[in-house]
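Asker: I have a structure here, written as structure tokens, and I will follow up with some questions on it.
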Amino acid sequence: MDNFGGIIQRAVYLGVGLASYAGEKANQKLAELRTETQKLADEMVKRGEMTTEEGRRFVEDMMSKAMQQAPVDSSPETRPNEPRRIEILSEDDNSSDSNSTEVDEMRQEVHKLQEELRRLQKD
Numbered sequence: 836m837d838n839f840g841g842i843i844q845r846a847v848y849l850g851v852g853l854a855s856y857a858g859e860k861a862n863q864k865l866a867e868l869r870t871e872t873q874k875l876a877d878e879m880v881k882r883g884e885m886t887t888e889e890g891r892r893f894v895e896d897m898m899s900k901a902m903q904q905a906p907v908d909s910s911p912e913t914r915p916n917e918p919r920r921i922e923i924l925s926e927d928d929n930s931s932d933s934n935s936t937e938v939d940e941m942r943q944e945v946h947k948l949q950e951e952l953r954r955l956q957k958d
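Basically this note's numbering = 1-based index in the sequence shown + 835.
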């Protein structure tokens with residue numbers, strides 16, 4: 836009977852180890868995805884195929900889709916304390932009303948995304 840207890844204990848340890856390993860691998864793959872997506876967005880911005888704001892949204896959309904497909908509880912050590920800061924440069928030109936409403940909509944969307952990020956970090 837002592838041998839049976841040892842087998843159960845090893846099975847539990849194996850399960851915990853596998854779960855931990857799977858979590859680490861998933862976090863690693865998400866980090867790689869984020870890096871590759873950011874490189875792609877930077878390249879498209881550099882070529883003028885999208886704006887900096889569109890590039891930022893593209894990266895965030897890709898990451899949110901990846902997180903929805905494979906939800907993983909990351910440990911506090913691997914989760915960044917705050918979002919990566921980006922610098923948004925604006926062009927100095929006269930904005931029309933349609934541009935200002937578009938900018939307002941984008942600001943609202945950014946605010947919503949920031950709130951969602953804060954909510955996800957609390958979970």
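We put the CB at the ideal spot given by N, CA and C, even for glycine.
1) Whose CA, out of Arg954, Glu950, Gln956 and Ala901, lies closest to the CA of Thr870?
2) Say whether the stretch 891–899 touches the stretch 861–877, bearing in mind that this needs 3 or more beta-carbon pairs closer than 8 Å, one atom from each stretch.
3) Taking C-beta to C-beta, are Pro918 and Leu865 nearer than 8 Å?
4) May I ask you to report which of helix, strand or coil DSSP gives Leu924?
5) Start and end of the alpha helix (DSSP H) containing Gly890?
6) Taking just the CA atoms, how far does Thr886 sit from Glu937?
7) For my contact list, Glu888 and Ile923 are in at a C-beta cut-off of 8 Å; report their separation, rounded to the angstrom.
8) What does the alpha-carbon distance come out to for the pair Val851 and Asp939?
9) Is DSSP giving Asp958 helix, strand or coil here?
10) Helix, strand or coil for Gly883, going by three-state DSSP, please let me know.
11) Less than 7 Å between C-beta atoms, sequence neighbours within five positions excluded: which residues of the same chain meet that for Met879?
Answerer: Walking through what the data contain:
1) Taking the first residue of the sequence shown as 1, we reach residue 870 at position 35. The closest CA to that of Thr870, considering only Arg954, Glu950, Gln956 and Ala901, is found on Ala901.
2) yes
3) Residue mapping note: residue 918 aligns to position 83 of the sequence shown, counting from 1. Residue mapping note: residue 865 aligns to position 30 of the sequence shown, counting from 1. It is not a contact, given that the beta carbons lie outside the stated cut-off.
4) The count along the sequence shown starts at 1 and reaches residue 924 at position 89. Looking at Leu924 - three-state DSSP - the assignment turns out to be coil, as it is neither helix nor strand.
5) Taking the first residue of the sequence shown as 1, we reach residue 890 at position 55. That run of the alpha helix (DSSP H) goes Thr887 to Gln904.
6) Against the sequence shown, residue 937 aligns to sequence position 102. Against the sequence shown, residue 886 aligns to sequence position 51. Cα to Cα, Glu937 sits roughly 14 Å from Thr886.
7) Counting from one through the sequence shown, the residue named residue 888 turns up at place 53. Counting from one through the sequence shown, the residue named residue 923 turns up at place 88. So it is a contact: roughly 6 Å between Cβ atoms.
8) Residue mapping note: residue 851 aligns to position 16 of the sequence shown, counting from 1. Residue mapping note: residue 939 aligns to position 104 of the sequence shown, counting from 1. Between Val851 and Asp939, the C-alpha separation is close to 48 Å.
9) Numbered from its first residue, the sequence shown carries residue 958 at position 123. Looking at Asp958 - three-state DSSP - the assignment turns out to be coil, as it is neither helix nor strand.
10) One-based indexing of the sequence shown puts residue 883 at position 48. Three-state DSSP puts Gly883 in coil, outside helix and strand.
11) Position 44 of the sequence shown, counting from 1, holds the residue named residue 879. Cβ within range, chain order: Met885 and Gly890.
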